[in-house]
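Chains as they are written, first to last, in my numbering: chain A, 1 to 200; chain B, 201 to 813.
All C-beta atoms, glycine included, are put in the ideal place defined by N, C-alpha and C.
Report on the following structure.
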Amino acid sequence: MTRARIFFTGVGGQGTLTATTLLARTALDAGLPVTSGEIHGMAQRGGVVESTLLVGGYKSAIIAPGEADVILGFELLETLRGLPMLRRGGFVVGNSEALQPVGVCLGRECYPPLEAVLETAKGFAAQVVLVPCISLAEQAGTAKAANTVLLGAAAACGALPFGVADLTRSIEKYLKPKLVDVNLKALALGAEAAKAGQAA
Amino acid sequence: MGKELLKSEGGDTLLLLGNEAIVRGTLEGGVRFVTCYPGTPSSEAPDTFFRLSQGAPYYFEYSVNEKVALEVAGGATLAGLPTLCTMKHVGVNVAADPLMTLAYVSAPGGLVLLSADDPGCHSSQNEQDNRLYARLGGLPCFEPATAQECKDMARDAMLLSRKLETPVLLRTTTRVNHVRGPVVTGDLPATPYEKPFVKDPAKYVPLPASARVMHKRLRAILDGLVAEADASPYNVESGAGELGFISSGVSRNYLTDVLEEEGLVGKVRLLELGLTYPLPENRIAAFLSACKKVLIVEELEPVLENEIRALAQTRGISVEILGKSEHLPRLGEFSTANVRQAVRAFVGQPAAVVEALTVPGDLPRRPPNLCAGCPHRAAYYAVREVYGDTAVYSSDIGCYTLGFLPPFRAADFLLCMGSSISTGAGFARASGKPVVAFIGDSTFFHSGITGLIDAVAYNHDVLIVILDNRTTAMTGHQPNPGVDTTIFGENPNPVDLMALIRACGVEPVKVNPLNHKATLAALTELSKQTGPRVLVAEYPCPIHARRVGQAKKTLPARVAGDPAACLTVRDNLACPAFAMVDGQFTINAEQCDGCMFCVQLSPDLKPGKKEAK
Chain A
1 MTRARIFFTG
11 VGGQGTLTAT
21 TLLARTALDA
31 GLPVTSGEIH
41 GMAQRGGVVE
51 STLLVGGYKS
61 AIIAPGEADV
71 ILGFELLETL
81 RGLPMLRRGG
91 FVVGNSEALQ
101 PVGVCLGREC
111 YPPLEAVLET
121 AKGFAAQVVL
131 VPCISLAEQA
141 GTAKAANTVL
151 LGAAAACGAL
161 PFGVADLTRS
171 IEKYLKPKLV
181 DVNLKALALG
191 AEAAKAGQAA
Chain B
201 MGKELLKSEG
211 GDTLLLLGNE
221 AIVRGTLEGG
231 VRFVTCYPGT
241 PSSEAPDTFF
251 RLSQGAPYYF
261 EYSVNEKVAL
271 EVAGGATLAG
281 LPTLCTMKHV
291 GVNVAADPLM
301 TLAYVSAPGG
311 LVLLSADDPG
321 CHSSQNEQDN
331 RLYARLGGLP
341 CFEPATAQEC
351 KDMARDAMLL
361 SRKLETPVLL
371 RTTTRVNHVR
381 GPVVTGDLPA
391 TPYEKPFVKD
401 PAKYVPLPAS
411 ARVMHKRLRA
421 ILDGLVAEAD
431 ASPYNVESGA
441 GELGFISSGV
451 SRNYLTDVLE
461 EEGLVGKVRL
471 LELGLTYPLP
481 ENRIAAFLSA
491 CKKVLIVEEL
501 EPVLENEIRA
511 LAQTRGISVE
521 ILGKSEHLPR
531 LGEFSTANVR
541 QAVRAFVGQP
551 AAVVEALTVP
561 GDLPRRPPNL
571 CAGCPHRAAY
581 YAVREVYGDT
591 AVYSSDIGCY
601 TLGFLPPFRA
611 ADFLLCMGSS
621 ISTGAGFARA
631 SGKPVVAFIG
641 DSTFFHSGIT
651 GLIDAVAYNH
661 DVLIVILDNR
671 TTAMTGHQPN
681 PGVDTTIFGE
691 NPNPVDLMAL
701 IRACGVEPVK
711 VNPLNHKATL
721 AALTELSKQT
731 GPRVLVAEYP
741 CPIHARRVGQ
751 AKKTLPARVA
761 GDPAACLTVR
771 DNLACPAFAM
781 VDGQFTINAE
791 QCDGCMFCVQ
801 LSPDLKPGKK
811 EAK
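Structure, rendered in structure tokens:
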């Protein structure tokens with residue numbers, strides 16, 4: 001795969017944009033042309049953050065419904081909300097864990113079950129892989145590395161134009177030295193969980 | 201993105217945000233003076249200048265508002281320095297007064313105005329098209345589409361402005377400011393440019409007699425620029441055939457992707473415009489003459505479309521021109537999806553069928569919310585307790601506009617930056633109802649203060665609550681005139697807000713909004729008075745306090761009693777640190793900022809214990 005539209009969606013503060021930039025740098029290092037976009041104006045903590053990465057020679061930095069080859073969902077509900085962006089035969093790699101929106105906490109709205117993502121995407125997506133990113137990141141050393149867990153999962157199940165080894169190099173090259181170890185651990189845990197999930 | 205932007209030799213490939221690329225481009229154009237008022241989607245441009253400002257070859261300031269920013273910038277270019285002034289589209293309305301005359305007075309050192317427009321209203325109150333300001337004010341206009349073009353056009357806008365001594369508009373849109381892509385850098389200039397000021401009042405003072413001469417000079421510059429636009433490498437033609445497309449700005453990206461995916465590259469004619477005002481008239485005329493039918497692809501207003509229609513009529517070119525009315529919307533932003541449908545209709549193909557999943561329409565929404573520990577939440581809670589629905593709430597632009605949402609519903613109307621006091625005053629005068637006007641510290645300095653002066657002068661009956669969180673939080677924690685701390689340490693010259701209010705003629709009352717009892721007492725007292733009254737609710741934004749290393753270490757709150765008894769607190773505060781786990785109220789220790797406001801509202805909530813964590 002050398003041409004791909006990747007749609008990222010998550011909640012402010014989750015590291016969605018950091019992950020987007022890391023993938024963009026990985027693509028550049030692989031010699032692939034890249035353009036990326038983000039919307040974060042009103043995304044104070046708790047709002048939705050969406051970003052895009054288009055690899056392989058696209059000029060537009062946005063993705064329209066039905067156009068995404070890959071959806072990377074950093075939060076379960078946002079993954080579900082982002083599904084209309086997916087093209088038939090695309091990949092969905094997401095976090096199986098939830099961050100409650102305020103309406104849910106107030107009891108005014110119901111958080112959809114995990115199965116809603118699987119049910120909706122079934123028969124349309126080539127593959128749906130959900131891994132518990134926050135728990136695995138905590139296991140790696142900090143919940144903040146949940147974004148890297150997701151990248152590890154996505155690379156391991158073949159959703160990205162690059163592999164776990166490319167991401168390992170990027171983490172070593174572009175993250176602050178004190179963050180490298182914990183993120184490498186998170187990347188590996190994500191990759192492992194995705195492979196286990198695929199086998200299951 | 202750090203110091204590599206200041207590296208003097210070019211030739212590197214950097215992965216840059218559009219706004220960062222603009223910084224590099226203006227540096228390559230020799231910029232030495234930068235002013236701004238922050239505002240999404242422009243903010244990362246000035247923020248990057250600010251971060252790199254120590255020891256950098258330019259002066260930088262966050263001005264008090266856009267009008268002041270442009271006026272200070274105007275002074276700098278008159279003094280002979282290459283100057284950049286940045287703002288969001290609605291900011292240009294604030295700066296419109298000096299802008300309209302600036303092009304008359306001229307810009308000897310060079311002056312580029314960055315206007316970041318927001319088609320789709322991602323973070324704005326309207327989606328005005330500021331290309332019209334280029335026409336109104338007589339400013340040459342560049343419209344970049346990629347990160348590389350942001351860099352190149354920012355540089356060339358600066359060089360062109362210097363050459364012509366006239367201000368130039370660099371007009372971007374949200375998707376361009378926030379695009380991220382590879383940028384090949386050029387060299388920074390070896391010698392700094394300046395043009396010493398020579399007194400010449402007839403040239404620089406627009407009295408009526410001299411203004412008429414200046415206007416003539418400006419029109420001559422713009423007329424002369426048509427040849428430059430015709431020859432500009434940013435105005436590029438490709439392809440062949442009878443069907444033509446003309447596009448500018450970010451729409452070019454959507455159009456070229458669609459032409460490629462539809463297999464139309466080379467089979468249709470394409471004219472891409474980057475230097476769009478004045479129009480490259482001769483080039484467009486030649487293009488029109490070669491086509492039978494042309495589709496103009498541009499977001500928002502039919503600016504090019506109308507001008508190109510007029511051009512065809514003037515030159516007697518018989519060609520069918522299509523655009524907004526036939527195929528493309530005037531509202532919102534474009535995407536490959538709607539441009540694809542327009543292109544297919546134009547070339548006579550059936551509409552493309554898009555296959556996409558549908559999800560339930562009633563998914564829980566995730567509106568942006570006041571953060572955990574935000575002092576505005578406490579201030580709104582107290583105001584609601586005193587006034588409930590009896591008062592009308594006049595709101596303003598900032599994080600606190602989010603108080604619009606339930607449970608606070610603390611915004612009944614809003615016009616623009618700095619309007620809450622004056623609009624609230626007008627409403628109170630007209631209706632006789634109690635009015636509470638909310639305004640942030642930065643917004644008060646920006647243009648709220650004139651409303652206060654008016655309220656005092658005409659004894660308007662309005663309670664003004666200044667939500668002073670010691671920073672400009674909404675746009676990314678930029679310093680404003682009142683702040684005591686920035687990312688570079690203490691502000692040596694803070695403006696005393698309390699003294700300023702006093703000087704306007706009101707004795708303000710100051711409270712810490714996180715101290716509920718004191719705030720409630722102050723509000724109750726103020727609610728019994730009439731005329732203009734000011735409550736300053738001062739407490740630092742917790743995110744800002746953390747960023748500048750001034751956050752007080754506190755433990756998260758916890759449920760110490762009956763969780764069911766805390767549900768009223770949950771309903772009244774809607775703090776994002778609150779959660780329901782297995783139907784039980786709980787406080788998420790990871791999210792809680794330890795502000796301890798909720799603890800004051802229920803005996804069942806308690807400060808965290810040391811051993812708890």
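Problem - Status (buried if at least 16 other CB within 10 Å, exposed otherwise) for B:N326 - result: exposed
Handout entry: Buried/exposed call for B:K813, threshold 16 Cβ in 10 Å
Key = Confidence at B:K813 is low in this model, with a pLDDT of 41, below 50, so the placement of that residue is unreliable and no value is reported for it.
Practice task
Would you mind giving the Cβ-Cβ distance between B:G640 and B:L667, rounded to the nearest angstrom? I have them listed as a contact below 8 angstroms.
Solution key: 5 angstroms
Problem - Residue-chain proximity (A:V180, chain B), Cβ-Cβ < 8 angstroms - result: no
Handout entry: Beta-carbon proximity check, A:T52 vs A:G66, cutoff 8 angstroms
Key = no
Problem - Minimum C-alpha distance to B:A757 - residue among B:D771, B:A764, B:A751, B:C775 - result: B:C775
Handout entry: Within 8 angstroms, strictly: CB atoms of B:F342 and B:Y454
Key = no
Exercise for the section: Report all residues from its chain with a CB closer than 7 angstroms to the CB of A:G89; omit the five preceding and five following residues, and keep chain order. Expected result: A126
Problem - Runs of beta strand (DSSP E) lying entirely within the region 116–178 of chain A, each at least 3 residues, in chain order - result: 127–131
Problem - Contact set between the region 551–566 of chain B and chain A, restricted to residues whose Cβ is under 7 angstroms from the partner - result: V554, E555, A556, L557, T558, V559, L563, P564, R565, R566
Practice task
Within 10 angstroms of the Cβ of A:V11, are there 16 or more other Cβ atoms? Answer buried if so, exposed if not.
Solution key: buried
Problem - Given 8 angstroms, three or more beta-carbon pairs between the region 710–718 of chain B and the region 644–656 of chain B - result: no
Exercise for the section: Using a Cβ cut-off of 8 angstroms (strictly closer), state whether B:N569 contacts chain A. Expected result: yes
Problem - Inter-residue spacing [alpha-carbon to alpha-carbon] between B:C350 and B:L801 - result: 51 angstroms
Handout entry: DSSP beta-bridge partners of B:L473
Key = B:S448
Handout entry: Beta carbon of A:R81 nearer than 8 angstroms to that of B:V554
Key = no
Exercise for the section: Return the residue from the list A:E97, A:P101, A:I6, A:V102 that minimises the CA-CA distance to A:E115. Expected result: A:E97
Practice task
Can you tell me the Cβ-Cβ gap for B:P382 and B:L215, rounded? I've got them flagged as a contact below 8 angstroms.
Solution key: 6 angstroms
Handout entry: Distance between B:P340 and B:N219 (C-alpha atoms, nearest Å)
Key = 20 angstroms
Exercise for the section: Determine the contact status of B:S432 and B:V497, defining contact as a CB-CB distance below 8 angstroms. Expected result: no
Practice task
Could you give the DSSP three-state label for B:L555: helix, strand or coil?
Solution key: Going by the sequence as given, residue 555 of chain B is Glu instead of Leu. Looking at B:E555 - three-state DSSP - the assignment turns out to be coil, as it is neither helix nor strand.
Exercise for the section: Could you tell me how far apart the beta carbons of B:A552 and B:R565 are, in whole angstroms, since I believe they sit closer than 8 angstroms? Expected result: Not a contact, Cβ separation roughly 30 angstroms.
Exercise for the section: Can you give me the Cβ contacts of B:E460 inside the same chain, cut-off strictly under 8 angstroms, excluding the 5 residues immediately before and after it? Expected result: none
Practice task
Apply the 10 Å Cβ neighbour rule to B:V398 and answer buried if 16 or more other Cβ atoms are within range, or exposed otherwise.
Solution key: exposed
Practice task
Check the Cβ of B:G381 against every Cβ in chain A and list those closer than 7 angstroms, keeping chain order.
Solution key: V34, T35, S36
Practice task
Count the other CB atoms, across all protein chains shown, that sit within 10 Å of the CB of B:E228; report buried if there are 16 or more and exposed otherwise.
Solution key: buried
Handout entry: Pick from B:L511, B:L614, B:M674, B:T277 that is closest to B:E365, judged by C-alpha positions
Key = B:T277
Practice task
List the residues of chain A whose Cβ lies closer than 7 angstroms to the Cβ of B:F778, in chain order.
Solution key: C105
Practice task
Over the uninterrupted beta strand (DSSP E) stretch that includes B:T226, give me the two end residues.
Solution key: Careful: B:T226 lies outside any beta strand (DSSP E), inside the alpha helix (DSSP H) at 218–228.
Handout entry: Cβ neighbour criterion (16 or more within 10 Å) applied to B:Y580
Key = buried
Exercise for the section: With distances taken Cα to Cα, identify the nearest neighbour of A:V102 among B:A789, B:A779, B:T283. Expected result: B:A779
Problem - Beta-carbon contacts of B:A655 that lie in its chain and below 7 angstroms, excluding the five residues immediately before and after - result: I621, A625, V662, P732
Problem - Nonlocal neighbours in the same chain, by C-beta distance under 7 angstroms from B:P406, ignoring five residues either side - result: T301, Y304, V305, M414
Problem - Any 3 or more C-beta pairs closer than 8 angstroms across the region 683–692 of chain B and the region 755–774 of chain B - result: no
Exercise for the section: Please determine if the region 21–29 of chain A and the region 153–168 of chain A are in contact, where contact requires at least 3 C-beta pairs separated by less than 8 angstroms. Expected result: yes
Handout entry: Contacting positions in the region 441–461 of chain B - beta carbon closer than 7 angstroms to chain A
Key = N453, Y454, T456, D457
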